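S.K.: Pasting a structure below so you can have a look.
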Amino acid sequence: MSWLRLWAARLGGFIRGEHGDERLRAELDAHLEMLVAENERRGMSPTEAQQSARRQLGNTLRIGEEWREQGGLPWLESFFQDARHGFRLLRRNPAFAVIAILTLALGIGANTAIFSMVNGVLLRSLPYRQPSRLYSIHEVVPQWTDLAAELPVNSGNFRLWRKDCPAFSALALTGQESASLIGLGRPEFVHGAAVTSNFFSMLGVDAALGRTFSRERSAPGAENEVILSHRLWEEAFHSDPSVLGRIVNLSGQTKTVVGVLPASFRFPDILASTPEYFTLFPQAAWRFKPGIGDHDYFAIGRLRHGVAPRQAKTQLDVIEARIARSSSGGKFNLYATLTPLKTEIVGSTRRALWMLAIAAGLVLLIICVNLANLLLVKNTGRLREVAVRSAFGATPGRLARQFLTEALILALAGGGLGLVFAEGALRLLVRNAPVGIPRVDGIQIDLRVVLFAIAIAAVAGAICGLLPAMRLARSQPADALRTAGPTVSADKRAAGLRGALVVGEIALCAALLPGALLLVMSMRHVLRANEWMNQGHVTTARFVLPFHQHPNPQDRERVFAAIQRKVEELPGVESAGLTSKLPLDGFSWGDGISFREIPRPENETPQGEFRFVSPGYFQAIGLPLVEGRSFSLEDTSKPVAIISESVANKILTGRDPLGMHLVMPASGCCRVIGVVGNVRDRSDQAPSLVVYLPVWEYASTSETLVVRTRMDSATIAREIRQAVWSVDPELAIPQVRTLRTIMQSAEAPRRYETWLAVMFALFAVFFAAIGLYGVVSYSASQRTHEMGIRLALGAGRGDVLRLVMRQGLVLALAGVGIGVAMALVLTRFLSALLFGVSASDPVTFVAVSLFLAAVAVAASVVPAWRATRVDPTVALRWE
Amino acid sequence: MGESKTELLMGTLDLLILKTLDSLGSMHGYGVARRIEQVSGDLLELNHGTVYPALLRLEQKGWISSRWGTSENNRRARFYSLTAVGRRALAREAKDWRRMAAFIGRVLEGTEGA
Chain A
1 MSWLRLWAAR
11 LGGFIRGEHG
21 DERLRAELDA
31 HLEMLVAENE
41 RRGMSPTEAQ
51 QSARRQLGNT
61 LRIGEEWREQ
71 GGLPWLESFF
81 QDARHGFRLL
91 RRNPAFAVIA
101 ILTLALGIGA
111 NTAIFSMVNG
121 VLLRSLPYRQ
131 PSRLYSIHEV
141 VPQWTDLAAE
151 LPVNSGNFRL
161 WRKDCPAFSA
171 LALTGQESAS
181 LIGLGRPEFV
191 HGAAVTSNFF
201 SMLGVDAALG
211 RTFSRERSAP
221 GAENEVILSH
231 RLWEEAFHSD
241 PSVLGRIVNL
251 SGQTKTVVGV
261 LPASFRFPDI
271 LASTPEYFTL
281 FPQAAWRFKP
291 GIGDHDYFAI
301 GRLRHGVAPR
311 QAKTQLDVIE
321 ARIARSSSGG
331 KFNLYATLTP
341 LKTEIVGSTR
351 RALWMLAIAA
361 GLVLLIICVN
371 LANLLLVKNT
381 GRLREVAVRS
391 AFGATPGRLA
401 RQFLTEALIL
411 ALAGGGLGLV
421 FAEGALRLLV
431 RNAPVGIPRV
441 DGIQIDLRVV
451 LFAIAIAAVA
461 GAICGLLPAM
471 RLARSQPADA
481 LRTAGPTVSA
491 DKRAAGLRGA
501 LVVGEIALCA
511 ALLPGALLLV
521 MSMRHVLRAN
531 EWMNQGHVTT
541 ARFVLPFHQH
551 PNPQDRERVF
561 AAIQRKVEEL
571 PGVESAGLTS
581 KLPLDGFSWG
591 DGISFREIPR
601 PENETPQGEF
611 RFVSPGYFQA
621 IGLPLVEGRS
631 FSLEDTSKPV
641 AIISESVANK
651 ILTGRDPLGM
661 HLVMPASGCC
671 RVIGVVGNVR
681 DRSDQAPSLV
691 VYLPVWEYAS
701 TSETLVVRTR
711 MDSATIAREI
721 RQAVWSVDPE
731 LAIPQVRTLR
741 TIMQSAEAPR
751 RYETWLAVMF
761 ALFAVFFAAI
771 GLYGVVSYSA
781 SQRTHEMGIR
791 LALGAGRGDV
801 LRLVMRQGLV
811 LALAGVGIGV
821 AMALVLTRFL
831 SALLFGVSAS
841 DPVTFVAVSL
851 FLAAVAVAAS
861 VVPAWRATRV
871 DPTVALRWE
Chain B
1 MGESKTELLM
11 GTLDLLILKT
21 LDSLGSMHGY
31 GVARRIEQVS
41 GDLLELNHGT
51 VYPALLRLEQ
61 KGWISSRWGT
71 SENNRRARFY
81 SLTAVGRRAL
91 AREAKDWRRM
101 AAFIGRVLEG
111 TEGA
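First to last, the sequence lines map onto chains A and B. Number 83 in the numbering used here belongs to position 83 of the first sequence; there are no gaps in the numbering. Number 72 in the numbering used here belongs to position 72 of the second sequence; there are no gaps in the numbering.
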């Protein structure tokens, strides 16, 4: 730690000023006297002795310099000197200072805000014990990857993992539940989760009140225990501290409250809806045999210390291979995949956030280049100052440091203001953040963000200051002193540098714009693809029947049908229908789609979704009938099915779909009676392969009612609830949402990201245009004399105009050329975010190039016009 | 100035000062500079003043300590002496130096032999 002591001594010296000249002078004086005395003793004359002593002692000025450098923190001292000088200069030129600080603050603020999101969503660790060892586990059936790349987990397979996979110190399983919370006013719909008993202890989460589940599964009554989320405890139980031991009615089943989770607990976002209550897995869920199919649950594992994820995967895959062999006889394969839990939760937001961070960084770079240019021009006026200072012995390094310090002052001021901007921007960003972006509630400006802001401010300062500093430090002082003012010969190299900077700016712009434009086009394609959902007034209401009261599907179907009939009778209702799953929302049942007429081996059967709908559904939701007819009540005795256009195109490829027979595993064959339009699972995915079956074939406990009304009705939600409760007063309706809301919230993340990307692109264009304008008009003003001569010699105003404009255009075109090449690389990383447009879409690139050329024309036309106004007589007298 | 005088090799002054203080005990800057000159047999070109930044550097490293005192001819002077850390450092540096010198010697012999 000797360097620490050294710096402490230096810092002490700097603060106390004790290693200052006093002590050295005293020592040198004594030294000199002793030398003189010695010399005299050797027989020199007093003058001789003095001269010789001085020679022996050496250059005391240099020694003093060296001493001070050793004694304190010279660079800190000179930094303060430079800073004071810089402040004086800025005060003398406040307009420049304000512009520089404001634009830097804008750039740094935008970057800091985006980094806060990156930090809060991507970097911040999950709020569990040793979160980096937590992995989410999925299963993969390669033969089914067209349905889903990764599947949830079969609980039977999970049981085998627990037994035979020592790589994990804990493996926990969870599944979505929902229930009506009965007995506390109106029945309330709540989402919940079934978990294994080790779930909370694996995450390292303790109850705030009471306890979590005991690890001993056989504990009597454990299956009837329930744990509440902090929110549910607050909202439904008014934060009642005596809630422990209370009996709660969940969809008719009684459960005892044993614990309340802390407010800070966040359930890992792996289920469709955030659970508010937790129960243990019922024994029934564990009865599944290991196999392929019934992938209904989500598994999380904690890796043992020193075990790599790959080792765990290898162990799991040995088990999976065994399961695949014994259950399908090798017709299907089965693998497990491990994803770090955080990656799983953050999902696709990662790419979008990094994209935005890059865009923000490019904007800041453009701002820096602009400022570097501005400083370059400003500092040309200071050549004489530089010359004088270097004549007095300032080294080039010392001069460069001076200019860097000035830029750093600007940047740090900009950084400080930028943090204020970021705080405001972040509030806007978080408030408007769509539901689809995970972990938004944890986004804030913390120490890491502040450090980031300081760091990028320093980098920005360095970028702004370095070029001008290097150029000035290298300038020839003698030349500057000889000429009267800022030199007319305008130093070709400086002009070349400024030009290069503008080319760079426009290149950055051209690199950024295509990405933004591609995202906008994708957004338009997404909107068009889901446009059918935006027609008319459609309201949806999902409700759930308690399983233990309605254990059989026929009974459930009767209840649903009764509700549908009630709603159809409401005034203003055009049509109504039931479905097991809405487009863009919820989960569905996946299975192989095969037709009797096109036999295929089991493991080559395309996988698709099966949805159960009632007559009236297609009409209510607005899905167009392409061929054939819809379900009707006369079909109850006949096995029939309707397929989506995508099934007709992809699987039946050209054959007439009507009259084909769909092979069903249990009930034989269903005749295809109609083809309907395509739907998507996510707004920016390819259309799903969907088979619709009548709801009376199978009614699950959860169905969604779709209601089309003649006009926008604010009261329809209440009327629907009343209709439902008139059939069953204990039914809770979770959400009544319009179809438009569903569509908008499915598109919201994309809209949000696109909007931000476009904003950054516009910023970039704006600043690059300013930069181009600055350079063209500066060089035009430098050439006033030349223009005057040209005009005096008979050049037309058109010639002068062309001359100036050409400079701007040449710079712009060079920039566009470089930028487009960069963009071709950059947009490739974007392709995962694109929809309906290719990453190298030629139209986009041509449009961007033309647009930037137009911007360049606009930016150079004013200086060019000004140049034509030059009065030759005035211009010639100049100088 | 005679041609035979050599310039001080960079970085060797610290070692010379340490060794001098080791043999003289407590000594002021003048004494150190004279002693180095004497030991070199006046072969060394030494600006006496350069001793002082070096002394400060060694003091900051904690290898020597200093206090004001009175010189043999009754002048106020600052006296420097080796600390325990400095003594250990000297042993280490001296060893490094010998190894280096031996190595350079070997290299030079090699080139002369070729």
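C-beta: ideal position from N, C-alpha, C; glycine also. Since the model is a prediction, treat every value here as computed from it, not as a measurement.
Roughly how many angstroms separate the alpha carbons of residue 889/A and residue 861/A, rounded to a whole number?
M.R.: Here chain A comprises residues numbered 1 to 879, so residue 889/A is not present and cannot be evaluated.
S.K.: Tell me which same chain residues have a C-beta within less than 6 Å of the C-beta of residue 868/A, skipping the five on either side of it?
M.R.: Within the first sequence, residue 868/A is the residue found at index 868, counting from 1. So the qualifying residues of the chain are 797, 800, 801.
S.K.: Kindly indicate which residue of 674/A, 663/A, 611/A, 390/A has the alpha-carbon position closest to the one of residue 632/A.
M.R.: Residue numbering aside, residue 632/A sits at position 632 when the first sequence is read from its first letter. Answer by Cα proximity: 674/A.
S.K.: Can you give the beta carbon distance from residue 301/A to residue 171/A, rounded, assuming they're within the 8 Å contact cut?
M.R.: Position 301 of the first sequence, counting from 1, holds the residue named residue 301/A. Position 171 of the first sequence, counting from 1, holds the residue named residue 171/A. Right, the Cβ-Cβ distance comes to about 5 Å (below 8 Å), so this counts as a contact.
S.K.: Cα separation between residue 490/A and residue 110/A?
M.R.: In the first sequence, residue 490/A corresponds to position 490, counting from 1. In the first sequence, residue 110/A corresponds to position 110, counting from 1. Confidence at residue 490/A is low in this model, with a pLDDT of 47, below 50, so its placement is unreliable and the value that follows should be read with caution. Looking at the two C-alpha atoms, the distance is approximately 36 Å.
S.K.: Assign residue 484/A to one of two classes, buried (16 or more other C-beta atoms within 10 Å of its C-beta) or exposed (fewer than that).
M.R.: Position 484 of the first sequence, counted from the first residue, corresponds to residue 484/A. Legend: pLDDT at residue 484/A = 49, less than 50; position of this residue unreliable, value from coordinates given subsequently. With fewer than 16 other Cβ atoms within 10 Å, it is exposed.
S.K.: Can you check which of these residues, 579/A, 874/A, 644/A, 684/A, is closest to residue 524/A by C-alpha distance?
M.R.: Within the first sequence, residue 524/A is the residue found at index 524, counting from 1. The candidate whose alpha carbon is nearest that of residue 524/A is 684/A.
S.K.: Taking C-beta to C-beta, are residue 409/A and residue 430/A nearer than 9 Å?
M.R.: Within the first sequence, the letter at position 409 stands for residue 409/A. Within the first sequence, the letter at position 430 stands for residue 430/A. No; because the gap between Cβ atoms is not below 9 Å, this pair is not in contact.
S.K.: Strictly under 9 Å for the Cβ-Cβ distance: is residue 38/B near chain A by that measure?
M.R.: Counted from its first residue, the second sequence places residue 38/B at position 38. Not an interface residue.
S.K.: Exposed or buried, which one is residue 712/A when buried takes at least 16 other CB atoms within 10 Å?
M.R.: Taking the first residue of the first sequence as 1, we reach residue 712/A at position 712. Residue 712/A is exposed by the Cβ-count criterion.
S.K.: Rounded to whole angstroms, what's the CA-CA distance from residue 64/B to residue 93/A? Just pull it up for me.
M.R.: Sequence index remark: in the second sequence, residue 64/B carries index 64 (1-based). Sequence index remark: in the first sequence, residue 93/A carries index 93 (1-based). If you take the alpha carbons of residue 64/B and residue 93/A, they lie about 51 Å apart.
S.K.: Output needed in chain order: residues of the segment 506–536 of chain A with a Cβ under 9 Å from some Cβ in chain B.
M.R.: Against chain B - using a Cβ distance shorter than 9 Å - the segment 506–536 of chain A contributes no residues.
S.K.: List the endpoints of the continuous beta strand (DSSP E) containing residue 743/A.
M.R.: Position 743 of the first sequence, counting from 1, holds the residue named residue 743/A. Looking at the DSSP string, residue 743/A is not in any beta strand (DSSP E); the run it does join, the alpha helix (DSSP H), is 739–782.
S.K.: Terminal residues of the continuous beta strand (DSSP E) containing residue 193/A?
M.R.: Walking along the first sequence from the start, residue 193/A turns up at place 193. Per DSSP, residue 193/A belongs to the beta strand (DSSP E) from 188–195.
S.K.: I'd like to know whether the C-beta of residue 101/B is nearer than 9 Å to at least one C-beta of chain A.
M.R.: Taking the first residue of the second sequence as position 1, residue 101/B is located at position 101. Answer no: the Cβ-Cβ gap between residue 101/B and chain A never drops below 9 Å.
S.K.: Please find out if some non-hydrogen atom of the ligand ADP comes closer than 8 Å to the beta-carbon of residue 322/A.
M.R.: Among the components of this structure there are no ligands whatsoever, and the ligand ADP is therefore not found.
S.K.: What does the alpha-carbon distance come out to for the pair residue 653/A and residue 690/A?
M.R.: In the first sequence, residue 653/A corresponds to position 653, counting from 1. In the first sequence, residue 690/A corresponds to position 690, counting from 1. Answer to the nearest angstrom: the Cα atoms are 15 Å apart.
S.K.: Would residue 49/B count as contacting chain A if we go by Cβ distances under 9 Å?
M.R.: Locating residue 49/B in the second sequence gives position 49, counting from the first residue. Closer than 9 Å: yes.
S.K.: Would you give the residue range spanned by the alpha helix (DSSP H) that residue 19/B belongs to?
M.R.: Along the second sequence, one-based indexing puts residue 19/B at 19. Unbroken alpha helix (DSSP H) run through residue 19/B: 12–24.
S.K.: Please return the same chain residues whose Cβ sits closer than 7 Å to the Cβ of residue 859/A, not counting the five positions on each side in sequence.
M.R.: As a position in the first sequence, residue 859/A is number 859, starting the count at 1. So the qualifying residues of the chain are 769, 772, 773, 776, 808.
S.K.: Given this structure, state the Cα-to-Cα distance separating residue 507/A from residue 460/A, to the nearest angstrom.
M.R.: Walking along the first sequence from the start, residue 507/A turns up at place 507. Walking along the first sequence from the start, residue 460/A turns up at place 460. If I take the Cα positions, the gap works out to 18 Å.
S.K.: Any C-beta of chain A within less than 7 Å: which residues of the segment 75–95 of chain B qualify?
M.R.: Cβ contacts with chain A: 75, 76, 77, 78.
S.K.: Between which residues of its own chain and residue 319/A is the CB-CB distance below 7 Å, once the five residues before and five after are set aside?
M.R.: Here the question's residue 319/A lines up with position 319 in the first sequence. Counting only Cβ-Cβ distances below 7 Å, and skipping sequence neighbours, we find 160, 161, 164, 165.
S.K.: Give the straight-line distance between the Cα atoms of residue 20/B and residue 36/B, rounded to the nearest whole angstrom.
M.R.: For this step, residue 20/B is matched to residue 20 along the second sequence. For this step, residue 36/B is matched to residue 36 along the second sequence. Distance between the alpha carbons of residue 20/B and residue 36/B is about 7 Å.
S.K.: Which same chain residues end up closer than 8 Å to residue 641/A when comparing Cβ atoms and leaving out the 5 residues on each side of it in sequence?
M.R.: What you label residue 641/A is simply residue 641 of the first sequence in a count that begins at 1. Contacts found: 662, 670, 671, 672, 673, 691, 692, 693.
S.K.: Using beta carbons (cut-off 9 Å, strictly below), is residue 56/B in contact with chain A?
M.R.: Here residue 56/B refers to the residue found at position 56 of the second sequence. At least one chain A Cβ lies under 9 Å of residue 56/B.
S.K.: Interface residues of chain A around residue 71/B at Cβ under 8 Å?
M.R.: By 1-based counting over the second sequence, the position of residue 71/B is 71. Going along chain A in sequence order, the residues near residue 71/B (Cβ under 8 Å) are 30, 34.
S.K.: Under 9 Å between the Cβ atoms of residue 108/A and residue 422/A?
M.R.: In the first sequence, the residue the question calls residue 108/A occupies position 108. In the first sequence, the residue the question calls residue 422/A occupies position 422. Yes.
S.K.: Need the endpoints of the beta strand (DSSP E) that residue 77/B sits in, please.
M.R.: As a working mapping, residue 77/B is identified with position 77 in the second sequence. Segment 76–82, the beta strand (DSSP E) holding residue 77/B.
S.K.: Below 7 Å CB to CB, which residues in the same chain sit around residue 571/A once its five sequence neighbours on both sides are set aside?
M.R.: Along the first sequence, one-based indexing puts residue 571/A at 571. Excluding residues within five positions, none has a Cβ falling inside 7 Å.
S.K.: Taking only beta-carbon atoms, is residue 35/B less than 9 Å away from chain A?
M.R.: Looking up residue 35/B in the second sequence gives position 35. Chain A, which has no Cβ nearer than 9 Å to the Cβ of residue 35/B, makes this no.
S.K.: Taking the alpha helix (DSSP H) that residue 542/A belongs to, which residues open and close that run?
M.R.: Along the first sequence, one-based indexing puts residue 542/A at 542. Taken as a continuous stretch (DSSP letters only), residue 542/A belongs to no alpha helix (DSSP H), being part of the beta strand (DSSP E) at 537–544.
S.K.: Is there a C-beta anywhere in chain B that falls below 9 Å from the one on residue 58/A?
M.R.: Working through the first sequence from its first residue, we reach residue 58/A at position 58. For residue 58/A, the answer is yes, since a Cβ of chain B falls inside 9 Å of its Cβ.
S.K.: Give me, in chain order, the residues of the same chain whose beta-carbon lies closer than 6 Å to that of residue 488/A; leave out the 5 immediate sequence neighbours on both sides.
M.R.: Sequence index remark: in the first sequence, residue 488/A carries index 488 (1-based). Residue placement at residue 488/A cannot be trusted, given a pLDDT of 44 that sits under 50; what the coordinates show is reported in the next sentence. Correct list: empty, nothing qualifies.
S.K.: How many angstroms separate the CA atom of residue 101/A from the CA atom of residue 456/A?
M.R.: Numbered from 1 along the first sequence, position 101 holds the residue referred to as residue 101/A. Numbered from 1 along the first sequence, position 456 holds the residue referred to as residue 456/A. Each residue's Cα considered, the two are about 14 Å apart.
S.K.: Return the chain-ordered list of same chain residues with a C-beta closer than 6 Å to the C-beta of residue 67/A, the five sequence neighbours on each side being excluded.
M.R.: Residue mapping note: residue 67/A aligns to position 67 of the first sequence, counting from 1. For residue 67/A, where only same-chain residues beyond five positions count, the Cβ hits under 6 Å are 24.
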